[in-house]
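Visitor:
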Amino acid sequence: MDKTPSIEVRLVSGPVRAARGEDVPGVGAVVRFEGVVRPVEDGRPIEALEYEAYEPMTGRELTALAHRIADRHRLLAMRVVHSTGRVPAGAASFLLVVAAEHRGPAIRAIEEFIDRLKRDIPLWKVPVWAEGESPGADHVAHQPDHAGFA
Amino acid sequence: MTLRVKLFGPQARLAGRREIAVELPGPAPTCAELRDALARAAERLAPSLAASRFAVNQHYVRDDHPLREQDEIALIGMISGG
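Here's what the structure looks like:
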């Protein structure tokens, strides 16, 4: 297979919303992962998470990672959407969709991408506690959408 | 020279600021020297520094990378995307 994979990477302000389905020629497996903000962190209830990126480095590193993973697992397509700013508990902050000819590479690509994301990509989150503690001096300003930097 | 280091997320919260200025001697101190100086300048950051990396002008660099006063330096640690 020597097709160039279709790669889409976006940072969006606030929660990640439902996305369209995949329509990739030759696809045999689509695996979709959504990261959702847990309502409890370290045993304490949280209201939200404040996500922060370091642009443009974050987008560039995410895009490079997506291409490396897509090449290694011979994916047909990959879509990455990650939040910046405030995401309330229960809402999605991260969407990863991969499409491949077979399920094995698609599943392995999901696992490897997330492992690398948590190790290498400059993205941070800070809890906003439900008891009312504010982010204070570290309040992360909401950032505009950064579509199209790939 | 004075180097300014950007802080993010939990490390910014630990330090209580978004940027920290550090004085280092010599014409081209390295990131390793900056790491040691940061531990002295902001003790609450010290436990997280060994597992942190530096980005200079928006690119990851190694610990032996020489620094200039005009560099944009970012401390990339305690990352937690996803």
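Protein chains in written order, with my numbering: chain A, 1 to 150; chain B, 1001 to 1082.
Think of the CB as a built atom: it goes at the ideal place given N, C-alpha and C, for glycine as much as any other residue.
Quick one, which residues of the region 9-40 of chain A are near chain B if we go by CB-CB under 7 Å, in chain order?
Guide: Listed by position along the chain: Gly35.
Visitor: With DSSP run on the structure shown, which of helix, strand or coil describes Glu101 of chain A?
Guide: Within the first sequence, numbered from 1, the residue matching residue 101 of chain A stands at position 101. Coil.
Visitor: Below 7 Å between beta carbons is the criterion; list the residues of the region 104-135 of chain A that meet it against any residue of chain B, in chain order.
Guide: Those residues of the region 104-135 of chain A that come within reach of chain B (Cβ to Cβ, closer than 7 Å) are Ile114, Leu117, Lys118, Ile121, Pro122, Leu123, Trp124, Lys125 and Val126.
Visitor: Less than 7 Å between C-beta atoms, sequence neighbours within five positions excluded: which residues of the same chain meet that for Pro1010 of chain B?
Guide: On the second sequence, position 10 is the one that residue 1010 of chain B refers to. Hits under 7 Å: Met1078.
Visitor: Are the CB atoms of Val76 of chain A and Ala100 of chain A nearer to each other than 9 Å?
Guide: Taking the first sequence and counting its residues from 1, the one referred to as residue 76 of chain A is at position 76. Taking the first sequence and counting its residues from 1, the one referred to as residue 100 of chain A is at position 100. Per the sequence shown, the amino acid found at residue 76 of chain A is Leu instead of Val. Contact: yes.
Visitor: Determine the chain A residues that contact Ala1041 of chain B at a beta-carbon separation under 8 Å, and present them in chain order.
Guide: Numbered from its first residue, the second sequence carries residue 1041 of chain B at position 41. In chain order: nothing, as chain A lies at least about 17 Å away.
Visitor: Leu1050 of chain B to Asp115 of chain A, Cα distance in whole Å?
Guide: Locating residue 1050 of chain B in the second sequence gives position 50, counting from the first residue. Locating residue 115 of chain A in the first sequence gives position 115, counting from the first residue. It should be noted that the sequence gives Ala, not Leu, for residue 1050 of chain B. C-alpha separation (whole angstroms): 20 Å.
Visitor: Counting only Cβ pairs nearer than 9 Å, list the residues of chain B close to Glu52 of chain A.
Guide: Along the first sequence, read from residue 1 onward, the residue named residue 52 of chain A stands at position 52. Residues of chain B passing the Cβ test: Phe1008, Gly1009 and Ala1012.
Visitor: Could you work out which residue in A:Pro15, A:Gly104 and A:Ala53 is closest to Arg74 of chain A when comparing CA atoms only?
Guide: Here residue 74 of chain A refers to the residue found at position 74 when the first sequence is read from its first residue. Of the candidates A:Pro15, A:Gly104 and A:Ala53, the one whose C-alpha sits nearest the C-alpha of Arg74 of chain A is A:Gly104.
Visitor: With distances taken between CB atoms, is the gap from Val97 of chain A to Val31 of chain A smaller than 9 Å?
Guide: In the first sequence, the residue the question calls residue 97 of chain A occupies position 97. In the first sequence, the residue the question calls residue 31 of chain A occupies position 31. Taking 9 Å as the Cβ cut-off, Val97 of chain A and Val31 of chain A qualify as a contacting pair.
Visitor: Could you tell me the alpha carbon to alpha carbon distance between His118 of chain A and Leu1007 of chain B, rounded to whole angstroms?
Guide: The residue you call residue 118 of chain A lines up with position 118 of the first sequence. The residue you call residue 1007 of chain B lines up with position 7 of the second sequence. Per the sequence shown, the amino acid found at residue 118 of chain A is Lys instead of His. When rounded, the distance between both Cα atoms is 18 Å.
Visitor: Kindly list the residues whose CB is nearer than 8 Å to the CB of Ile110 of chain A, restricted to its own chain and excluding five residues on each side of it in sequence; keep chain order.
Guide: Numbered from 1 along the first sequence, position 110 holds the residue referred to as residue 110 of chain A. So the qualifying residues of the chain are Val31, Phe33, Leu96 and Val98.
Visitor: Measuring CB to CB, does Met57 of chain A end up less than 9 Å from Ile7 of chain A?
Guide: Position 57 of the first sequence, counted from the first residue, corresponds to residue 57 of chain A. Position 7 of the first sequence, counted from the first residue, corresponds to residue 7 of chain A. Taking 9 Å as the Cβ cut-off, Met57 of chain A and Ile7 of chain A do not qualify as a contacting pair.
Visitor: Residues of the region 1038-1072 of chain B with a CB closer than 7 Å to any CB of chain A: list them in chain order, please.
Guide: Those residues of the region 1038-1072 of chain B that come within reach of chain A (Cβ to Cβ, closer than 7 Å) are Ala1055 and Gln1058.
Visitor: By a C-beta neighbour count over all protein chains shown, 10 Å radius and 16 as the cutoff for buried, is Ala1021 of chain B buried or exposed?
Guide: By one-based count along the second sequence, residue 1021 of chain B stands at place 21. By the 10 Å Cβ count, Ala1021 of chain B comes out exposed.
Visitor: When you compare the CB of Met57 of chain A with every CB in chain B, is at least one pair closer than 9 Å?
Guide: The count along the first sequence starts at 1 and reaches residue 57 of chain A at position 57. Closer than 9 Å: yes.
Visitor: Buried or exposed for Arg86 of chain A, please, with buried defined as at least 16 other CB atoms from any protein chain shown within 10 angstroms of its CB.
Guide: The sequence position of residue 86 of chain A within the first sequence is 86, counting from 1. It counts as buried.
Visitor: Can the beta-carbon of Leu1014 of chain B be found less than 9 Å from the beta-carbon of Leu1038 of chain B?
Guide: Working through the second sequence from its first residue, we reach residue 1014 of chain B at position 14. Working through the second sequence from its first residue, we reach residue 1038 of chain B at position 38. Result no, Cβ atoms of Leu1014 of chain B and Leu1038 of chain B do not sit closer than 9 Å.
Visitor: Between the C-alpha atoms of Ala1042 of chain B and Trp129 of chain A, what's the straight-line distance to the nearest angstrom?
Guide: If you number the second sequence from 1, residue 1042 of chain B lands on position 42. If you number the first sequence from 1, residue 129 of chain A lands on position 129. Looking at the two C-alpha atoms, the distance is approximately 25 Å.
Visitor: Go ahead and label His102 of chain A buried or exposed: buried means 16 or more other beta carbons lie within 10 angstroms of its beta carbon, across all protein chains shown.
Guide: To locate residue 102 of chain A, count along the first sequence from 1; it is residue 102. By the neighbour-count rule (16 or more Cβ atoms within 10 Å), His102 of chain A is not buried but exposed.
Visitor: Which bits of chain A does Met1078 of chain B rub up against, with CB to CB less than 8 Å?
Guide: Residue 1078 of chain B sits at position 78 when you count from the first residue of the second sequence. Residues of chain A passing the Cβ test: Trp124.
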